[in-house]
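Everything in the sequence shown is counted per the numbering used here, starting at 221 for the first residue and increasing by one.
Glycine residues also receive a C-beta, built at the ideal position from the N, C-alpha and C atoms.
These notes are about the structure you will find just below.
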Amino acid sequence: MQKLVSFSKRRGFIFPSSEIYGGFGSCYDYGPLGVEMRKNIKDAWWSSMTRGKDDIVGIDASILMNPKIWEASGHLSAGFADELVECKKCHHRFREDFVKDKCPDCGGSFTKSKKFNLMMKTFVGPVEDDASVAYLRAETCQGIYVNFKNVMQSMRKKVPFGIAQIGKAFRNEINPKDFIFRTREFEQMEMQWFCPPKDADKFFEYWLKKRLNWYYDLGISKKNLRTYEVPKKELAHYAKRAVDIEYKFPFGWKEIEGVHNRGDWDLSNHDKHSGEDLKYEDPSCAKATAGKYYPYVIETSVGVDRSMFTFLAEAYQEIEGGRGKNAKKEMEIVLNIDKRLAPVKVAVLPLVKNNPEIVKKARQVYDLLRADMVCLYDESGSIGRRYRRLDEIGCVSAITVDFDSLEDDSVTVRDRDTMKQKRVKIDKLLEFLS
Ligand code: ATP
């Protein structure tokens, strides 16, 4: 875990937020490589959800919404609250399910547990009074439910169909911990699938399988992924069924995604609280009233941050003694990450930096590639050292411009995983890399 944290900082993936001011509890900033990798994760999720054969469209709802939404959803009542205990000695508070009978900070004993609401509060407008209270959304899916009718009508959708969204969510977590695993500000990728109640079980299985395959396809090994059927008595207030997808993190098996059957909880409650008819009228039913119902919702909900942690943890490899025939005896780090998720795809390296012809040619190759893919230019240090730096950040291909390149207009392309090298004509390079 500590290796991953320091690697992430050293190589520009993840920085502690507000670091020069001593940080800010459990907030993190994504650096130049982190931001590229997150974008790739989001693109992979978005394209898998919206470009496949399933009928799914996207939205991007606002973070601030009418507070009545959070009454209807159950978030402002006891439903969205953690049970907290307080240490009688040092007064630190902990989630009841995270601690045993003694305070981990001072060994003191605990008070009885109390509910603590996780919604982050703010005020809208110039006056800070009860009437201006608003909340930062605690999950992105409510923005989907309240737009169910808008999407259905504007896009002429028929049930079953889905709506996908990626966006920030906020929870006043009491014990944020484990790096980017549990933070107060995080990003979710959520898809809500609206279907006839009778088909909900079938679609649940379908989406669970599809989501597991997404991780496998992007390189997560089967031994590190498992599912956990949430027992009935532990289900959230809205859920009829919930299965967590768990990853084996350095600190144990933890949830990275939830697949939920939310029944008609959301649409029926928003219907009741807003007065807007959110039932669906099945056009295939002869009698309109007989075919009116609240669609059931199957939800797949995953955090961008937890997926990023998952992909980093899976890909990070330390190889004692280094790799390949020219291996030095030092340990080498390789980020063995799926090529689609790799933050940098290509690097262009002039063999030497003091030959103006080679540097000029390398610059030309760099300019040729950088418009089409995330590309680095690196001229400092020996070629071997540069390769190792690139392996560390998971750069897929390294291109070396050497003396021969000046004669034959070709370059050497080295593959991160096999370390095999291939000579490619510069005018065929884009095609080859694509
Ligand atoms: P947990 O039990 O870990 O608190 P949860 O069951 O409350 O999570 P959901 O409400 O189902 O989580 O949210 C769906 C997904 O959103 C989670 O699987 C996770 O990937 C992500 N997520 C939820 N809370 C956080 C958080 N505090 N920090 C980072 N990601 C989060």
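*So which of 590, 580 and 435 has the shortest CA-CA distance to residue 564?*
590
*asked:* Here's the rule: buried if 16 or more other CB atoms are within 10 angstroms of the residue's CB, otherwise exposed. What is residue 581?
replied: buried
*Please name the residue or residues paired with residue 330 in a DSSP beta bridge.*
307
*Excluding the five sequence neighbours on either side, which residues of its own chain have a C-beta within less than 8 Å of the C-beta of residue 443, listed in chain order?*
468
*When you compare only the Cα positions, how much space is there between residue 393 and residue 326?*
21 Å
*Taking the alpha carbon of residue 215 as the point to measure from, which residue in 573, 585, 418 and 462 has its own alpha carbon closest?*
No answer is possible for residue 215: the residues shown for the chain start at 221 and end at 654.
*If you draw a straight line from the C-alpha of residue 255 to the C-alpha of residue 233, how long is it?*
7 Å
*For residue 647, which residues of its own chain have a beta-carbon under 8 Å away from its beta-carbon, when the five flanking residues on both sides are left out?*
629
*Looking only at its own chain, which residues have a Cβ that is under 6 Å from the Cβ of residue 281, when we skip the five neighbours before and after it?*
363
*Shortest alpha-carbon distance to residue 235 belongs to which of 612, 459, 248 and 343?*
248
*asked:* Using only CA atoms, which one of 640, 626, 616 and 622 lies nearest to residue 654?
replied: 616
*Can we say the region 514-525 touches the region 562-577, given the rule of at least three CB pairs closer than 8 Å?*
no
*State the Cα-Cα distance for the pair residue 478 and residue 464, rounded to the nearest angstrom.*
5 Å
*Taking the Cβ atom as the reference point for each residue, do residue 408 and residue 382 lie within a distance shorter than 8 Å?*
no
*asked:* Is residue 466 a contact residue of the ligand ATP, with contact defined as CB to any heavy atom under 7 Å?
replied: no
*May I ask you to report which of helix, strand or coil DSSP gives residue 525?*
helix
*Is residue 228 near the ligand ATP, going by C-beta to nearest heavy atom under 7 Å?*
no
*Interface flag, residue 302 vs chain C, CB-CB below 8 Å*: The displayed structure is made up of one protein chain only, and chain C is not part of it.
*Since residue 236 sits in a beta bridge, which residues does DSSP pair it with?*
248
*At a cut of 8 Å, does the region 336-352 reach the region 489-507 through at least three beta carbon pairs?*
no
*Can you name, in chain order, every residue of its own chain whose Cβ lies under 8 Å from the Cβ of residue 174, other than the five neighbours on each side?*
Residue 174 lies beyond the range of the chain shown here (221 to 654); nothing can be said about it.
*Can you tell me the Cα-Cα spacing of residue 599 and residue 342, whole angstroms?*
49 Å
_Rounded separation between residue 544 and residue 638 - CA only_ = 9 Å
_alpha helix (DSSP H) segments (min. 4 residues) lying fully within the region 516-601_ = 524-535 and 576-590
*Report back the beta-carbon spacing between residue 306 and residue 316 to the nearest angstrom; my notes put them in contact at under 8 Å.*
Residue 306 to residue 316, Cβ: 10 Å. No contact.
*Beta-bridge pairing of residue 383 - partner residues as DSSP gives them*: 277 and 412
*Express the C-alpha separation of residue 240 and residue 447 in angstroms, rounding to a whole number.*
40 Å
*Alpha carbon to alpha carbon, what distance is there between residue 274 and residue 423?*
11 Å
*asked:* Distance check for residue 285 and residue 231, CA to CA, integer angstroms please.
replied: 37 Å
*asked:* Between which two residues does the beta strand (DSSP E) holding residue 364 run?
replied: Per DSSP, residue 364 belongs to no beta strand (DSSP E); it is in the alpha helix (DSSP H), 361-365.
*asked:* Tell me the rounded alpha-carbon separation between residue 458 and residue 570.
replied: 59 Å
*Host alpha helix (DSSP H) of residue 603 (start-end)*: 603-612
*Nearest candidate by alpha-carbon position, reference residue 439, set 374, 535 and 376*: 535
*asked:* Can you give me the C-alpha to C-alpha distance between residue 414 and residue 226, rounded to a whole angstrom?
replied: 43 Å
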